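**Q**
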Amino acid sequence: MGANERRGVCFSALSSRKGHGLTAHATAPRALAARARRAAPLAAHRPDADAPDAGKGQRVMIIGGDGYCGWATALHLSKRGYAVSIVDNLCRRSMDDQLGFNSLTPIKGIHERVRKWKEVSGRDIDLFIGDVCDYEFLSAAFQKFSPTACVHFGEQRSAPYSMMDRTRAIFTQTNNVMGTINALYAVKEFAPDCHMIKLGTMGEYGTPNIDIEEGYITITHNGRTDTLPYPKQGGSFYHLSKCHDSANMLFCTKAWGLRTTDLNQGVVYGVSTDECDMHPDLVNRLDYDAVFGTALNRFCIQAAVGHPMTVYGKGGQTRGFLNIKDTVRCIQIACDNPAPAGEMKIYNQFTEQFSVNELAAMITEAGKKIGLSPEVINVPNPRTEMEEHYYNAKNSKLQDLGLTPTLMSESLMDSLLKTIVEYKDRVDQRLILPGVNWKESASVGKTLAK
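The numbers in our numbering rise by one with no breaks, and the one at position 237 of the sequence shown is 240.
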């Protein structure tokens, strides 16, 4: 029995679903453990991904490199010999200032971070402070750095933030869609052989009652067969902006012959990577509020400070998850396996599937073992979403390329909880309960999260 089956995720997938003349073809699902075993021998025949010269001359521009995933990725690649630049307008920090939020971990400013990285690693990271929606700035950065790969994290990434009010909905769509189009034009004009890697989200797919394929699905309709982009059902203005990004990137890939990869990422958890742990000044951010905090991180923090874990609705919502350590490895794999010109690769970037209730149960057990007394409460769901549904998403491609998943274990959970306990005095419990309701998204801009 595979890891996901042991945790109660439904794998009774249809190999085909017929109706109204449509057949959706999908391979039979395979358990996560089997995929991990199959990936291991493949990885063994590849060059050492952790070698100090693994980058082999690649120059990687990381847009959004000051953020949660971007910072960890920048250090991971830099340590392995990739020449790295960070492009960031630091808006994630200003959002905290606007809303009265803070990272649980005390993060340093980006300039201090980069200087400390040079001090402890001996490696430079180039820094470009500016907005990707400013094409003149982005053009200059591209021309100066000459990237061979561009990793685009630089988007407003919170669904609740995008649903707070009309102003933030428009900001999310404008910032994300316009920024991606600018990046695509910059690749076309200044680095046409550069591999564009965009971070999408598994949330683009929604929760369909069929298996979720990796980006494309082959269908037969009225006797004719074609392979098409998998249907998108974004559940917020944020998720919809990612859907628009994917459509725009696929169009530009075909029209201009670009090399692109779309990584539909699951919910990321954790704070520790080998590089971020090298010095306290390199620590990554860890969000616990109800706007930017992801489910597992938020639950762990609630358990650590004695606040009941807040399960939205029935808690049957099931999603794909991955550790931050796997996020950075997935980016490295994508960099090392560029798409051919004129092709957009799509990977589902997650390692395990859990329901919200399963997460809460695991954290409860892990918390008890380190002396905590976690509790769970169900609160009205502020989101418009299905609370009980079928969910089986495919995720074999990155593992076929050598990813060995960091599975959620008791030791991993213990480590995360202990890190959180260390900083628990920084938690403002007023920020924990949800304050953004999908149905009550305001037409007038809010000045606070609640």
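Don't be surprised by glycine CBs; every beta carbon is placed ideally from N, CA and C. Note that the structure is predicted; figures quoted are calculated from it, not measured.
(1) Put Thr367 into one of helix, strand or coil per three-state DSSP.
(2) Quick check on the DSSP output: the beta strand (DSSP E) that includes Asn105 runs from which residue to which?
(3) Flag this pair as yes or no: are the beta carbons of Thr263 and Met281 separated by less than 8 Å?
(4) Within a Cβ cutoff of 7 Å, which residues of the same chain sit near Ala307, ignoring the five residues on either side of it in sequence?
(5) Shortest alpha-carbon distance to Glu443 belongs to which of Arg386, Tyr272 and Ile65?
(6) Our contact map puts Asn185 next to Leu141 with C-beta atoms below 8 Å; I'd like the distance itself, whole angstroms only.
(7) Between Gln61 and Arg83, what straight-line distance do the alpha-carbon atoms span, to the nearest angstrom?
(8) State buried or exposed for His114, treating a residue as buried only when at least 16 other CB atoms are found within 10 Å of its CB.
(9) In this structure, does DSSP put Gly24 in helix, strand or coil?
(10) Measure how close the beta-carbons of Gly260 and Ala344 come, nearest whole angstrom, since I'm counting them as under 8 Å.
(11) Quick check: what's the CA-CA separation for Thr30 versus Arg169?
(12) Out of Asn212, Gly309, His198 and Gly238, which one is the CA nearest neighbour of Lys348?
(13) Assess, as a yes-or-no matter, whether the segment 269-281 is touched by the segment 210-222 under the definition of 3 or more beta carbon pairs within less than 8 Å.
(14) Pull up the distance between the alpha-carbon of Val123 and that of Leu285, whole angstroms please.
(15) In angstroms, rounded to a whole number, what distance separates the CA positions of Asn225 and Leu231?
(16) With Glu390 and Asn384 assumed to form a contact (beta carbons below 8 Å), what rounded beta-carbon distance in angstroms separates them?
(17) Around the C-beta of Arg160, are 16 or more other C-beta atoms found within 10 angstroms, so that it is buried, or is it exposed?
(18) If you check the beta carbons only, do Thr183 and Tyr241 fall under 8 Å apart?
(19) Quick check on the DSSP output: the alpha helix (DSSP H) that includes Gln176 runs from which residue to which?
(20) How long is the line joining the alpha carbons of Ala258 and Ile66, rounded to whole angstroms?
(21) Measuring straight from C-alpha to C-alpha, what distance separates Gly5 and Lys147?
(22) Between the alpha carbons of Lys191 and Pro150, how many angstroms are there, rounded?
**A** Inspection of the coordinates gives the following:
(1) Shown here, Thr367 sits in a helix according to DSSP, grouped into three states.
(2) Note, Asn105: premise wrong, no beta strand (DSSP E); not H, not E.
(3) Going by C-beta atoms, Thr263 is not nearer than 8 Å to Met281.
(4) Setting aside the 5 residues that flank it on each side, Ala307 is surrounded in the same chain by Leu375, Leu420, Ile423, Val424 and Lys427, each with a C-beta closer than 7 Å to its C-beta; the list follows chain order.
(5) Of the candidates Arg386, Tyr272 and Ile65, the one whose C-alpha sits nearest the C-alpha of Glu443 is Arg386.
(6) Confirmed, Cβ separation roughly 5 Å.
(7) One C-alpha to the other measures close to 11 Å.
(8) Exposed is the label assigned to His114, since fewer than 16 other Cβ atoms lie within 10 Å of its Cβ.
(9) Since pLDDT at Gly24 reaches only 36, below the 50 mark, its modelled position is unreliable, and no value is offered.
(10) The C-beta distance from Gly260 to Ala344 rounds to 5 Å, short enough to meet the 8 Å contact threshold.
(11) Only weak support is given to the placement of Thr30: the predicted model assigns it a pLDDT of 35, under 50, and the value that follows is read from those uncertain coordinates. Looking at the two C-alpha atoms, the distance is approximately 41 Å.
(12) The option with the nearest alpha carbon to Lys348 is His198.
(13) Touching, no.
(14) The straight-line gap from Cα to Cα measures roughly 10 Å.
(15) Their Cα atoms are separated by approximately 15 Å.
(16) About 6 Å; that satisfies the 8 Å criterion.
(17) Burial of Arg160 is indicated by the presence of at least 16 other C-beta atoms within 10 angstroms of its C-beta.
(18) No, these two residues do not count as a Cβ contact at 8 Å.
(19) Looking at the DSSP string, the run of the alpha helix (DSSP H) that includes Gln176 is Arg169 to Gln176.
(20) Straight-line Cα distance between these residues: approximately 23 Å.
(21) Note that Gly5 scores a pLDDT of 40, beneath 50, so its modelled location is shaky; the value from the coordinates is reported in the next line. The alpha-carbon separation between Gly5 and Lys147 amounts to approximately 48 Å.
(22) Their Cα atoms are separated by approximately 12 Å.
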